[in-house]
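Quick note: the sequence shown, position 41, residue 43 per the numbering used here, numbers continuous. Ideal Cβ positions, reconstructed from N, Cα and C, are used throughout, including at glycine.
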Amino acid sequence: MGWAQADCAANYSTKFGDRSDGRITGVKAGEVCTIPVSVRSPGGVRVTGATLTDIEIVRQPKTGSVRKSGASIVYTPGAGFTGKDSFFVKFVFANAQGERRTSGVRFAVRN
């Protein structure tokens with residue numbers, strides 16, 4: 003399960019192989035929102051032996067941009083952004099046995 007927390011109040015959770023929804027709130031136009039990605043169990047305990055192997059930006063937001071940066075995604079809303087937007091990201095994780103799982107998250111953005 004992945005969790006992300008950022009100063010801009012971004013959060014999500016997802017299980018391997020599932021698609022889920024996340025939220026990003028408190029976004030200000032033109033300010034960067036960095037969302038770290040980590041692997042956690044349903045109880046919030048860090049899973050040993052599971053690693054993030056890739057981040058794929060599937061769909062960009064209508065305004066602004068999303069990019070990957072190491073084990074984080076970085077969202078920058080467009081100049082003058084107000085209201086709502088969304089984007090879709092896939093995370094690929096591998097466990098100690100080399101099994102790979104993909105999780106997708108649709109982030110809804112509100113300022």
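Open item on the list: Taking only three categories from DSSP, how would you classify glutamate 33?
Closed with: For the purposes of this step, residue 33 is identified with residue 31 of the sequence shown, where counting begins at 1. Of the three classes helix, strand and coil, the one that applies to glutamate 33 here is coil, per DSSP.
Task: Bridge partners - valine 76, DSSP secondary structure assignment - done: For this step, residue 76 is matched to residue 74 along the sequence shown. DSSP output for valine 76 lists Thr36 and Arg69 as bridge partner(s).
Open item on the list: Determine whether the beta carbon atoms of proline 79 and valine 107 lie at a separation below 8 Å.
Closed with: Residue 79 sits at position 77 when you count from the first residue of the sequence shown. Residue 107 sits at position 105 when you count from the first residue of the sequence shown. Against a cut-off of 8 Å, the Cβ pair of valine 107 and proline 79 comes out as no contact.
Task: According to DSSP, residues forming a beta bridge with alanine 96 - done: Taking the sequence shown and counting its residues from 1, the one referred to as residue 96 is at position 94. Answer is Thr53 and Arg102.
- [ ] Put glycine 24 into one of helix, strand or coil per three-state DSSP.
- [x] Along the sequence shown, one-based indexing puts residue 24 at 22. Strand at glycine 24.
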